[in-house]
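Chemist: In our numbering, the protein residues as written are 7 to 750.
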């Protein structure tokens, strides 16, 4: 890896003094008067604070990585308080902990009301009746402002309370003028929730961010962990390192050796500045100019690899790499260059590889990623030509399969964000990704278009096998030898994205994909789902993933060492690699149901699918995991029962808990599970279990009725609690216990 210089003398131009305009401690003291803890409605998200008159008020998150969940700012003659969830404007949250007190303080502060007994502020509440009633109960003059002409009436008030994400362009213009003219704003919003509801858009387009970015506060992506049982502690003021500008100042001083900081402090500073670099709008004039100067003055390439990763020990390197990645996203396609790290991962395309023009047929009835068999060189402009019908339908072109983002990892073995996608418009769409990657057309759910013909230019052909379509002779003689670093093997039910090196000697992709179809069908059978899927499942091998050795999702992500296994049918059937269990296990997660997975069984019921695949597809049920059988099983059960059969311990040991399910399978067959899963699938909404206690009760009763035996004593012996009412409802059935249970 080429590291940035450590003298950093040029950073003197970037290392700026603490800004005099930062709100003084009196503002924070006013807001937190009488507030020691606030609630957490739903799953709040972080705010990014970076303006010279903006400051964090309350922070949440991991123990060593805090981010603001409440922030405030002075702006012009006005003031703003922002909350990291619009649930903070709801009556239930306001009644919890000291949240209501903070809200009253916020209303009075943005109104510049310095006297606690001053009832003077005139407060307008937009669409939040619960907040309106709460403020009135506190003696504050509050009125609803819900009619379509509400922006025109703002001049009648001192304060506006509203959700940030529901503002129209007209609304925002009026609110901006109101605040700059001396009005106060209290706004709730959420970054990650807005992104979910607006696929394909960025936080730059979030209405609240468009409104408040100039004040130095924006809503960011991500979730904020609680710091107390209720929500977030406000007993201590947030660290200066929760403010992105202060955090940048700290990193620069630390790198120069002027003000050394601990590893925890530098990690906090890097996290906050990285968040800002990923969230601030491109036209920000408060912090981005300083970040750009930093990037310009340190143009050395930062190239993370598995052998030489970027870690928290190089905080400036992490920041510089982040800035480089984010800068590339803001460039026009023609200005995008190959990132130097792309050669390491996902890999380079040989210079002599021929670029092609290919027509692609897409079935919009299948949602998700559609593989094209084409690959984009790093930095290469790809042109996608589409018919007029595509415009406005939110179809996208995507470059890159490795979608896991690694921002939260302490160590980066590859660049943390290497995929990009763009909405397809009418005519030609030009795109480029600094890291290159497989090219996909992404279809949103519910697309009503008929078959679509596209044309893709400037791409390179990749090894791509499609079951039932690709000629085996062509595969063996030509296709598998195509020069791109990544290959795909595809059927209607499964798609594998693997390094091309593992398919160069793959002679029979047909047998491989039929095996994977059998695996997919087995999971669907056990889950009582149709064998025909709405879209294929996907596996993608990666240098580094965001969590665990593998994780479920779309796609299922795994490390590189699993790639050569997932293309070898004999090794998978023989279970000759520890990762085989994991491959089936993660697919099982994609078939679980919350209705029959109660607390402690998330990593248990999933393995019913793992065992089912080993049994039905591989024919190796008892060889799947030998410690689940024979004397090892007996010893495990005996130790659990002899120690008191504590449910809490049962929940903490997935393979112990799995034995209970296996006893049912071995007595009554897989049909018992298939039948009860089908029963759950067809339940009306009102009959579905609402909490863990109901889940355990329904599981006992429905499974007992399915097998025709009273399983109550069996559950009791294992220590799994159920209600007396549930046990009484199956008392008419004959009691069942497995042979030699409890074991002697």
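Cβ atoms here follow ideal geometry from the backbone N, Cα and C, with glycine treated the same way.
Given the structure is predicted, the values throughout are model-derived calculations rather than measurements.
Do residue 315 and residue 432 have their C-beta atoms closer together than 9 Å?
Modeler: As a first step, residue 315 must be located in the chain shown, where it is residue number 309. As a first step, residue 432 must be located in the chain shown, where it is residue number 426. Against a cut-off of 9 Å, the Cβ pair of residue 432 and residue 315 comes out as no contact.
Chemist: Give every residue of the same chain whose Cβ lies closer than 7 Å to the Cβ of residue 293, excluding the five residues on either side of it in the sequence, and list them in chain order.
Modeler: In the chain shown, residue 293 corresponds to position 287, counting from 1. Within the same chain, residue 293 has close Cβ partners 56, 250, 251, 282, 286.
Chemist: Does the beta carbon of residue 239 sit closer than 9 Å to a beta carbon anywhere in chain B?
Modeler: Protein chains in the displayed structure number just one, and chain B is not present.
Chemist: Look up residue 556 in the DSSP assignment and give the residues it is bridged to.
Modeler: Start at 1 with the first residue of the chain shown, and residue 556 comes out as number 550. Paired residues: 564.
Chemist: Have a look at residue 744 and residue 669 and give me their C-alpha separation to the nearest angstrom.
Modeler: As a working mapping, residue 744 is identified with position 738 in the chain shown. As a working mapping, residue 669 is identified with position 663 in the chain shown. Residue 744 and residue 669: Cα-Cα distance of roughly 7 Å.
Chemist: Quick check for students: name the residue ranges of the alpha helix (DSSP H) that lie wholly in the region 468-503, counting only runs of 4 or more.
Modeler: Runs found: 478-483.
Chemist: Contact between the region 37-53 and the region 222-231 is defined here as three or more beta-carbon pairs at a separation below 8 Å; is this criterion met?
Modeler: In short, these stretches touch, since the Cβ pair count reaches three.
Chemist: Would you identify the three-state DSSP class for residue 594, choosing helix, strand or coil?
Modeler: Locating residue 594 in the chain shown gives position 588, where the first residue counts as 1. Residue 594: helix per DSSP, three-state reduction.
Chemist: Scan the region 301-373 and note each continuous alpha helix (DSSP H) run of 4 residues or more that stays entirely inside, going in chain order.
Modeler: Taking only runs of at least 4 residues, the alpha helix (DSSP H) segments lying wholly in the region 301-373 are 321-335.
Chemist: Considering only residues of the same chain and omitting the five flanking positions on each side of residue 108, which have a CB-CB separation below 6 Å?
Modeler: Counting from 1 along the chain shown, the entry for residue 108 is found at position 102. These residues qualify, in order along the chain: 41, 44.
Chemist: Quick check on DSSP: helix, strand or coil for residue 711?
Modeler: Taking the chain shown and counting its residues from 1, one reaches residue 711 at position 705. Residue 711 falls in the helix class under three-state DSSP.
Chemist: DSSP three-state call for residue 12: helix, strand or coil?
Modeler: Working through the chain shown from its first residue, we reach residue 12 at position 6. The pLDDT assigned to residue 12 is 30, lower than 50, so where the model puts this residue is not dependable; a value taken from the coordinates is nonetheless given after this. Correct three-state label for residue 12: coil.
Chemist: Can you tell which of 83, 48, 102, 112 has its C-alpha closest to the C-alpha of residue 76?
Modeler: Taking the chain shown and counting its residues from 1, one reaches residue 76 at position 70. Comparing Cα positions, the closest option is 112.
Chemist: What three-state label does DSSP hand residue 381 in the structure shown?
Modeler: The residue you call residue 381 lines up with position 375 of the chain shown. Strand at residue 381.
Chemist: Which word fits residue 677, buried or exposed, when buried means at least 16 other C-beta atoms lie within 10 angstroms of its C-beta?
Modeler: Here residue 677 refers to the residue found at position 671 when the chain shown is read from its first residue. Exposed: under 16 other Cβ atoms inside 10 Å.
Chemist: Within the same chain, show all residues whose beta-carbon is closer than 6 Å to that of residue 470, passing over the 5 residues directly before and after it, in chain order.
Modeler: Within the chain shown, the letter at position 464 stands for residue 470. Same-chain partners within the cutoff: 379, 494.
Chemist: Would you check if there are 3 or more beta carbon pairs closer than 8 Å linking the region 680-693 to the region 586-594?
Modeler: With a cut-off of 8 Å, the region 586-594 and the region 680-693 do not count as touching, because too few Cβ pairs lie within range.
Chemist: Compare the Cα-Cα distances from residue 472 to each of 466, 404, 542, 436 and report the closest residue.
Modeler: Within the chain shown, numbered from 1, the residue matching residue 472 stands at position 466. Minimum Cα distance to residue 472 is reached at 542.
Chemist: Assuming contact is defined by CB atoms lying nearer than 9 Å, are residue 163 and residue 129 in contact in what I supplied?
Modeler: On the chain shown, residue 163 is found 157 positions in, with the first residue counted as 1. On the chain shown, residue 129 is found 123 positions in, with the first residue counted as 1. Contact: yes.
Chemist: Touching or not, the region 366-375 and the region 442-457, by the rule of three or more beta carbon pairs under 8 Å?
Modeler: They touch, by the three-pair rule.
Chemist: Look at the alpha carbon of residue 27 and the alpha carbon of residue 86, and state the distance between them as a whole number of angstroms.
Modeler: On the chain shown, position 21 is the one that residue 27 refers to. On the chain shown, position 80 is the one that residue 86 refers to. With a pLDDT of 37 at residue 27, under the threshold of 50, the predicted position of this residue should be treated as unreliable, and no value is reported.
Chemist: Would you list, in sequence order, the uninterrupted beta strand (DSSP E) runs of no fewer than 3 residues that lie entirely inside the region 150-209?
Modeler: Taking only runs of at least 3 residues, the beta strand (DSSP E) segments lying wholly in the region 150-209 are 165-169, 190-194.
Chemist: Which same chain residues, not among the five before or five after residue 674, have their C-beta less than 7 Å away from its C-beta?
Modeler: Here residue 674 corresponds to residue number 668 of the chain shown, with the count starting at 1. Closer than 7 Å at Cβ, skipping near neighbours: 713.
Chemist: Give the straight-line distance between the Cα atoms of residue 144 and residue 106, rounded to the nearest whole angstrom.
Modeler: Position 138 of the chain shown holds residue 144. Position 100 of the chain shown holds residue 106. When rounded, the distance between both Cα atoms is 9 Å.
Chemist: Given residue 412, which residues of its chain have a CB within under 7 Å of its CB, disregarding the five upstream and five downstream residues?
Modeler: As a first step, residue 412 must be located in the chain shown, where it is residue number 406. Hits under 7 Å: 418, 422, 550, 552.
Chemist: Since residue 533 and residue 683 should fall inside the 8 Å C-beta cutoff, what is the C-beta to C-beta distance between them, to a whole number of angstroms?
Modeler: Along the chain shown, read from residue 1 onward, the residue named residue 533 stands at position 527. Along the chain shown, read from residue 1 onward, the residue named residue 683 stands at position 677. About 6 Å separates the two Cβ atoms, so the contact holds.
Chemist: Using a Cβ distance threshold of 8 Å, determine whether the region 694-702 contacts the region 601-616, with at least three qualifying pairs required.
Modeler: Taking 8 Å as the limit for Cβ pairs, the verdict is that the region 601-616 does touch the region 694-702.
Chemist: State the DSSP-derived secondary structure class of residue 53, mapped to helix, strand or coil.
Modeler: Looking up residue 53 in the chain shown gives position 47. Correct three-state label for residue 53: strand.
Chemist: Have a look at residue 319 and residue 253 and give me their C-alpha separation to the nearest angstrom.
Modeler: For this step, residue 319 is matched to residue 313 along the chain shown. For this step, residue 253 is matched to residue 247 along the chain shown. Roughly 16 Å between the two C-alpha positions.
Chemist: What separation, rounded to the nearest whole angstrom, lies between the Cα atoms of residue 459 and residue 560?
Modeler: In the chain shown, the residue the question calls residue 459 occupies position 453. In the chain shown, the residue the question calls residue 560 occupies position 554. Approximately 25 Å between the Cα atoms of the pair.
Chemist: With DSSP as the reference, label residue 543 as helix, strand or coil.
Modeler: Numbered from 1 along the chain shown, position 537 holds the residue referred to as residue 543. Of the three classes helix, strand and coil, the one that applies to residue 543 here is strand, per DSSP.
Chemist: Who are the Cβ neighbours of residue 192 in its own chain at under 7 Å, not counting the five residues just before and after it?
Modeler: What you label residue 192 is simply residue 186 of the chain shown in a count that begins at 1. Excluding sequence neighbours, residue 192 sits near 87, 112, 113, 116, 165, 167.
Chemist: For residue 2, does the count of other Cβ atoms within 10 angstroms reach 16, so buried, or fall short, so exposed?
Modeler: The question about residue 2 has no answer, for the chain in this structure spans 7 to 750.
Chemist: Please classify residue 432: does DSSP put it in a helix, a strand, or coil?
Modeler: Within the chain shown, residue 432 is the residue found at index 426, counting from 1. Residue 432 falls in the coil class under three-state DSSP.
Chemist: Can you pull the DSSP bridge partners for residue 68?
Modeler: Translated into positions along the chain shown, residue 68 becomes position 62. Residue 68 is bridged to 71.
Chemist: Below 8 Å, can you find three or more Cβ-Cβ pairs linking the region 94-102 to the region 202-218?
Modeler: Touching, no.
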